[in-house]
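Participant: Pasting a structure here, questions to come.
There are 2 protein chains.
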Amino acid sequence: MSIDALQTRIRKFKNPSMLGLDPTPELIPPHLIEAAYAQYGPTLKALGEAYRVFCTALLDELSDVVPAVKLQSACFEALGWEGVKVMQELMVYAKELGYYVLLDSMRGDVGNIATVYARSLFGEFEAQGEIFRPYACDGVTINGYLGSDGITPFLPYLQDNSQKNIFLIIKSSNKSSREVQDLISGDRIVHTAMADLAMRWSQNLFGKCGYSEIVAVVGATHPQTLKSLRKRYDRLFFLVPGYGAQGGTARSVQYAFDRFGHGAIVSASRSIIAAWQKDEASDGHDYLQAARKSAEKMRDDILKFVTVL
Amino acid sequence: MSIDALQTRIRKFKNPSMLGLDPTPELIPPHLIEAAYAQYGPTLKALGEAYRVFCTALLDELSDVVPAVKLQSACFEALGWEGVKVMQELMVYAKELGYYVLLDSMRGDVGNIATVYARSLFGEFEAQGEIFRPYACDGVTINGYLGSDGITPFLPYLQDNSQKNIFLIIKSSNKSSREVQDLISGDRIVHTAMADLAMRWSQNLFGKCGYSEIVAVVGATHPQTLKSLRKRYDRLFFLVPGYGAQGGTARSVQYAFDRFGHGAIVSASRSIIAAWQKDEASDGHDYLQAARKSAEKMRDDILKFVTVL
């Protein structure tokens, strides 16, 4: 799916938000883990099954509300290969339901290793004439600290025929992001230097919507930065993480959008998938209803500040 | 294994080098893939089996030559969960053979996701009273662009009782590493700012050998940078990638070591695991002998410039 297709889905849903699937044992309703332990014993396979049941149900529940989904690789990798297997299957399922699927794995390596990443994620991983595509994703998050060598292997897949995206970390949502990302160098800040690189890599990679297939990740927790980056980089689409549990609000994320209400998507994970925990009386059996309510509230809150034309 | 234990192994082996396991279909002898395809059909499972056979044999062959091994996560992840499964098993096997085991996965996320990484890699991943340890590694490579929030969850595991290490990317071996890592900010360069952070995070994390449990990754391809960083950061142990195929030489890596020949380890991947390809007449059946010869030559070349006391 290209940046145009993502923007089109956002307009169709009238919802510029993204569901983050970051399952951990603490966020999942206890009865799901108990049921899986009862069936498979207390194993990583059981936990993987609990994650599968939980995430599949959330994908089903929210497929008419949220246009895009982000799978947090770390959460699945934490279970070893049995988690990775579930993650791969969830990606396929989310694609079937029509979601834009982002793999949030913060990739970042160089040279032939970056090529291995790009091929296995987006292209065709080839071995003695056989072609494999283990990951069904539209986009992947990338850390650009290593420079162009880590990015260029992905660029061929961002063209029209492949329609993939990379999401480059520009300014992360955490407090200590300033330690490196806000260092000042001449007339630039390190994170604007990174955004400048994103623009340089974007040559010939602009969709009909005007935005680059390289998406900038800018945290919801820095409204002033969002504002100034939106102005300075009017051809970079923004993914805005850190909404909800991390402190970002509808008021703060409004600055990520252009005057048509385009050019950005806001992601939230815990505040949706673990919404059931906000009700102290809940034992988790109502996690789907709670998630839907939270996702709809997030959409409605953002739409108070942003009109998606 | 702590930094002291790694330094001790290097001294015992008289070899400050690390074997990089970066398997790709192009680097593996064709007969191994053919045999696996014959047994399992042309599948990712078959490729995983070929990787397993290849890497297991290399670990066996080199266990008396090389004190440490680095598994490139990207190469195994490229096969999906069937590759990750092989990687997990190889880590366990490498530990059994006594190797220091580094997972090269360039982790880097923040907050509760960094905590998930740290727990699953180093600690005890807990779910409803059950404890899991899917990854048998001593260390992991980390990208610090996101700042302290991505690092602090790992620090408890770097204490005496856990004896793990993190390997922080300071200055990578690729050419375009200068684009971000060499930006100048005041009297610092971005990569020295990162090294300063490594020192700040190292409080109370120094081994008996004098070096921090936080290792600095500095590419073999920048001898002048190695020299100046060695002088400025005399309490950071260096992992020096980029030897061999990427252009680093014994002459260039000598600057990574202190006057006792301590404080650094040099990694090489392709130049060892695919050494058989340097002989045009080879069909790959001699890959183990070629790897041993290359690993011994690398050791001997480094020891021409560095005396490990």
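Sequence lines, in order, name chains A and B.
Under this note's numbering, the residues of the first sequence are numbered 36 to 344, in order.
Under this note's numbering, the residues of the second sequence are numbered 36 to 344, in order.
Heads up, the beta-carbon is just placed ideally off N, CA and C, and yes, glycines get one too.
1) May I ask you to list, following chain order, the residues of the region 170-188 of chain A that have a beta carbon less than 8 Å from some beta carbon of chain B?
2) Under the three-state reduction of DSSP, which class applies to residue 176 of chain B: helix, strand or coil?
3) What in chain B is Cβ-close to residue 214 of chain A, meaning under 7 Å?
4) Going by beta carbon distance, what residues of the same chain come within less than 6 Å of residue 71 of chain A, once the five residues before and after it are set aside?
5) Could you work out which residues of chain A lie near residue 261 of chain B, taking near to mean beta carbons separated by less than 8 Å?
6) Check for me: the beta strand (DSSP E) holding residue 135 of chain A runs from which residue to which?
7) Please name the residue in A/149, A/226, A/104 and A/318 whose C-alpha comes closest to that of residue 108 of chain B.
8) Per DSSP, what kind of secondary structure is residue 277 of chain B in: helix, strand or coil?
9) According to DSSP, is residue 307 of chain A part of a helix, a strand, or is it coil?
10) Smallest Cα separation from residue 65 of chain B: which of A/164, A/151 and A/176?
11) Tell me, which residues are paired with residue 53 of chain A by DSSP?
12) Short check: CB of residue 200 of chain B to CB of residue 143 of chain A, under 7 Å?
13) Can you tell me which of the three DSSP states residue 331 of chain A falls into?
14) For residue 196 of chain A, which of helix, strand or coil comes out of DSSP?
15) For residue 243 of chain A, which residues of its own chain have a beta-carbon under 8 Å away from its beta-carbon, when the five flanking residues on both sides are left out?
16) In chain order, what residues of the same chain lie with their CB nearer than 7 Å to the CB of residue 180 of chain B, ignoring the 5 residues before and after it?
17) Which residues of the region 77-95 of chain A have a Cβ closer than 9 Å to any Cβ of chain B? Give them in chain order.
18) DSSP beta-bridge partners for residue 233 of chain B?
19) Identify the residues that DSSP records as bridge partners of residue 165 of chain B: which are they?
20) Since residue 292 of chain A and residue 341 of chain A should fall inside the 8 Å C-beta cutoff, what is the C-beta to C-beta distance between them, to a whole number of angstroms?
21) Going by the CB atoms, is the gap between residue 261 of chain B and residue 253 of chain B shorter than 7 Å?
22) Alpha carbon to alpha carbon, how far is residue 75 of chain A from residue 119 of chain B? Give it in angstroms, no decimals.
23) For residue 346 of chain B, decide whether its Cβ has a neighbour in chain A, counting only Cβ atoms nearer than 7 Å.
24) Just reading off the beta strand (DSSP E) that residue 251 of chain B is part of, what are its end residues?
25) Mapping the DSSP letters down to three states, classify residue 204 of chain B as helix, strand or coil.
26) Can at least three beta-carbon pairs, one atom from the region 184-202 of chain A and one from the region 213-228 of chain A, be found at a separation below 8 Å?
27) Among A/106, A/264 and A/205, which residue has its Cα nearest to the Cα of residue 174 of chain A?
28) If you draw a straight line from the C-alpha of residue 339 of chain A to the C-alpha of residue 219 of chain A, how long is it?
29) Spatial neighbours of residue 126 of chain A within its chain, please: CB distance less than 8 Å, with the 5 preceding and 5 following residues excluded, ordered by chain position.
30) Name the chain B residues that come within less than 9 Å of residue 191 of chain A, Cβ to Cβ?
31) With distances taken between CB atoms, is the gap from residue 307 of chain A to residue 326 of chain A smaller than 7 Å?
32) Which residue comes first and which comes last in the alpha helix (DSSP H) that contains residue 150 of chain B?
33) Based on Cα-Cα distance, which residue from A/94, A/87, A/234 and A/103 lies nearest to residue 110 of chain A?
34) Relative to the C-alpha of residue 202 of chain A, which candidate in A/153, A/210, A/214 and A/295 has its C-alpha closest?
35) Label residue 214 of chain B either buried or exposed according to how many other C-beta atoms from any shown protein chain fall within 10 Å of its C-beta, with 16 as the threshold for buried.
36) Is the Cβ of residue 218 of chain B closer than 7 Å to any Cβ of chain A?
Facilitator: According to the structure data:
1) 170, 178, 179, 180, 181, 182, 183, 184 and 185
2) Residue numbering aside, residue 176 of chain B sits at position 141 when the second sequence is read from its first letter. The answer is strand: DSSP assigns residue 176 of chain B an E or B state.
3) Locating residue 214 of chain A in the first sequence gives position 179, counting from the first residue. Those are 182, 183 and 232, listed as they occur along chain B.
4) Counted from its first residue, the first sequence places residue 71 of chain A at position 36. If the five residues before and after residue 71 of chain A are omitted, its C-beta is found closer than 6 Å to the C-beta atoms of 81, 84 and 85, all from its own chain and listed in chain order.
5) Counting from one through the second sequence, the residue named residue 261 of chain B turns up at place 226. None at all; the shortest Cβ gap to chain A is about 17 Å.
6) For the purposes of this step, residue 135 of chain A is identified with residue 100 of the first sequence, where counting begins at 1. Segment 135-142, the beta strand (DSSP E) holding residue 135 of chain A.
7) For the purposes of this step, residue 108 of chain B is identified with residue 73 of the second sequence, where counting begins at 1. Of A/149, A/226, A/104 and A/318, the residue nearest in Cα terms is A/149.
8) Mapped onto the second sequence, residue 277 of chain B falls at position 242. Note: residue 277 of chain B maps to coil in three-state DSSP.
9) As a first step, residue 307 of chain A must be located in the first sequence, where it is residue number 272. DSSP places residue 307 of chain A in helix when its eight states are reduced to three.
10) In the second sequence, the residue the question calls residue 65 of chain B occupies position 30. Answer by Cα proximity: A/164.
11) For the purposes of this step, residue 53 of chain A is taken as residue 18 along the first sequence, with counting starting at 1. Per DSSP, A/103 and A/302.
12) The residue labelled residue 200 of chain B in the question sits at position 165 within the second sequence. The residue labelled residue 143 of chain A in the question sits at position 108 within the first sequence. Result no, Cβ atoms of residue 200 of chain B and residue 143 of chain A do not sit closer than 7 Å.
13) Position 296 of the first sequence holds residue 331 of chain A. Helix at residue 331 of chain A.
14) Here residue 196 of chain A refers to the residue found at position 161 of the first sequence. Coil.
15) As a working mapping, residue 243 of chain A is identified with position 208 in the first sequence. The answer, listed in chain order, is 39.
16) As a working note, residue 180 of chain B is residue 145 in the second sequence. Result list for residue 180 of chain B: 143, in chain order.
17) 77, 78, 79, 81, 82 and 85
18) The residue you call residue 233 of chain B lines up with position 198 of the second sequence. BP columns for residue 233 of chain B are empty, so no partner.
19) By 1-based counting over the second sequence, the position of residue 165 of chain B is 130. BP columns for residue 165 of chain B point to B/162.
20) Taking the first residue of the first sequence as position 1, residue 292 of chain A is located at position 257. Taking the first residue of the first sequence as position 1, residue 341 of chain A is located at position 306. Indeed they touch by this definition, with Cβ atoms about 5 Å apart.
21) Residue numbering aside, residue 253 of chain B sits at position 218 when the second sequence is read from its first letter. Residue numbering aside, residue 261 of chain B sits at position 226 when the second sequence is read from its first letter. Cβ atoms of residue 253 of chain B and residue 261 of chain B: closer than 7 Å.
22) Position 84 of the second sequence holds residue 119 of chain B. Position 40 of the first sequence holds residue 75 of chain A. Roughly 21 Å between the two C-alpha positions.
23) Missing from the structure shown is residue 346 of chain B; chain B here goes from 36 to 344 and no further.
24) In the second sequence, the residue the question calls residue 251 of chain B occupies position 216. Unbroken beta strand (DSSP E) run through residue 251 of chain B: 249-253.
25) The sequence position of residue 204 of chain B within the second sequence is 169, counting from 1. Collapsing the DSSP output to three states places residue 204 of chain B in a strand.
26) no
27) Residue 174 of chain A sits at position 139 when you count from the first residue of the first sequence. Answer by Cα proximity: A/106.
28) Here residue 339 of chain A refers to the residue found at position 304 when the first sequence is read from its first residue. Here residue 219 of chain A refers to the residue found at position 184 when the first sequence is read from its first residue. Their Cα atoms are separated by approximately 35 Å.
29) Translated into positions along the first sequence, residue 126 of chain A becomes position 91. Excluding positions up to five away in sequence, the list reads 106, 136, 138, 170, 171 and 172.
30) Start at 1 with the first residue of the first sequence, and residue 191 of chain A comes out as number 156. What residue 191 of chain A touches in chain B: nothing, since even the nearest Cβ is about 17 Å away.
31) Counted from its first residue, the first sequence places residue 307 of chain A at position 272. Counted from its first residue, the first sequence places residue 326 of chain A at position 291. Cβ atoms of residue 307 of chain A and residue 326 of chain A: closer than 7 Å.
32) Against the second sequence, residue 150 of chain B aligns to sequence position 115. Element bounds for residue 150 of chain B: 146-157.
33) Translated into positions along the first sequence, residue 110 of chain A becomes position 75. Taking only the C-alpha atoms, the option nearest residue 110 of chain A is A/87.
34) By 1-based counting over the first sequence, the position of residue 202 of chain A is 167. Measuring from the Cα of residue 202 of chain A, the nearest candidate turns out to be A/153.
35) As a working mapping, residue 214 of chain B is identified with position 179 in the second sequence. That one is buried.
36) Mapped onto the second sequence, residue 218 of chain B falls at position 183. Output row for residue 218 of chain B: interface = yes.
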